[in-house]
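Following: one structure in structure tokens, then a few remarks.
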Amino acid sequence: EIKAALELEAQMAFEDKMITETADKRNELESYIYSMRDKMDGALSTYGSPQEKEKLKSLLLDAEDWLYGDGFDSTKQQYTRKIEELRAVGDLMDRRLHEFEARPAAIEGLKKQLDLCKGFASKYGEEYAHIE
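Each residue of the sequence shown is one higher than the one before, starting from 6 at the first, in the working numbering.
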């Protein structure tokens, strides 16, 4: 009898965990939809081709309709697939934005490294004279 009660408790704990994880994925999908919609009109507006932006807008709209319709009581795996489908397009534009923002610092770091190399080469004899 104790063994059966322990198994039942473990089963209930597992079900609670799955319910929580599923709700978290549903919230993640909803957040991604709203976040990307805002970014499309703002920060990401210049980092995607017209075709990419139109495709993502369509995917976001379809995902939102699905989420509040047939998908509201879906499984964690279905929410994960929807998020991955959206990220396949949205993350490309997001990555372009981050690369653009990081580029000045990367160029500055490269210039400093080149100056260090030139300084090193200029301090040593004729065998390094060909390095400028």
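Ideal Cβ positions, reconstructed from N, Cα and C, are used throughout, including at glycine.
Computed from a predicted model, the values in this text were never measured in an experiment.
Residue 31, buried or exposed, once every other Cβ within 10 Å from all chains shown has been counted against 16: For the purposes of this step, residue 31 is identified with residue 26 of the sequence shown, where counting begins at 1. Buried: at least 16 other Cβ atoms inside 10 Å.
Please list, in chain order, all residues of the same chain as residue 61 whose beta carbon is under 6 Å from its beta carbon, the five residues on each side excluded. Reading the sequence shown from its first residue, position 56 is the one you call residue 61. The residues are 94 and 95.
Among 65, 51, 58 and 73, which residue has its Cα nearest to the Cα of residue 90? Taking the sequence shown and counting its residues from 1, the one referred to as residue 90 is at position 85. Of 65, 51, 58 and 73, the residue nearest in Cα terms is 65.
From 35, 12 and 55, residue whose alpha carbon lies closest to that of residue 92: By one-based count along the sequence shown, residue 92 stands at place 87. Residue 92 has its Cα closest to that of 35, out of 35, 12 and 55.
Proximity of residue 88 and residue 20 at Cβ, strictly below 8 Å: For this step, residue 88 is matched to residue 83 along the sequence shown. For this step, residue 20 is matched to residue 15 along the sequence shown. No. Outside cutoff.
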